[in-house]
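**Q** The sequence shown: position 135 = 134 (numbering that gives the first Met the number 0), numbered continuously. Virtual Cβ for every residue (Gly too), placed ideally from N, Cα, C. As the structure is a computational prediction, the values presented were derived from the model and not from experiment.
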Amino acid sequence: MRRPITDKPVNRLVLLPGSLFWVFLVIALITQNPVVITLTAVLAVGTALAFGGYAFRTWRSSKTLRRRVWADGTPATATVLRAQTSGSLNNHPYVDLELEVTAPGAAPRVVLARQLISQLMLSKVQPGASIAVKVDPTDPGVVVLDEELTPYGY
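1) Considering only the beta carbon of each residue, do Glu-97 and Arg-113 sit closer than 8 Å?
2) For Ala-77, I'd like the list of residues in its chain whose CB is within less than 6 Å of its CB, leaving aside the five on either flank, ordered along the chain.
3) Take Ser-117 as the anchor and find which of Ser-60, Thr-30, Leu-88 and Leu-38 has the nearest alpha-carbon.
4) So the beta strand (DSSP E) Gly-86 belongs to, where does it begin and stop?
5) Return the first residue and the last residue of the beta strand (DSSP E) that Pro-92 is part of.
Dropping the structure here:
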């Protein structure tokens, strides 16, 4: 089950200025007051920059984590239990995967992962398929799929 949009801290931070923007925009359109128009523009630019900066930092840290795990992680094999597409980027689907990960010397573990998969590699992530993964040695719940399955690598 997904959490409501306001449960995420960044959404709470953007929700207030974003809501205020619309209020100020309506007031600016009605009154044609240059001060309100300027305040509305500053609020819009500030909100866009703050959200864009947060999104970039989140994307960058996620990419750094995937690269670190792929370089230093424990090699393992995962069996795809469930695969469901959820959105796409440049015709490459995001796939929500339920994987049973078997690492050497560890009990099998079920892990959920969301990964952008190359359109050409979709057949390799169907239920029952076995794929190469690497497991984060510090957090076994973090699994990185074989780089060949992704369209852009890590």
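**A** Reading from the atomic positions:
1) no
2) Leu-98, Val-100, Ile-130 and Val-132
3) Leu-88
4) 73–88
5) 91–101
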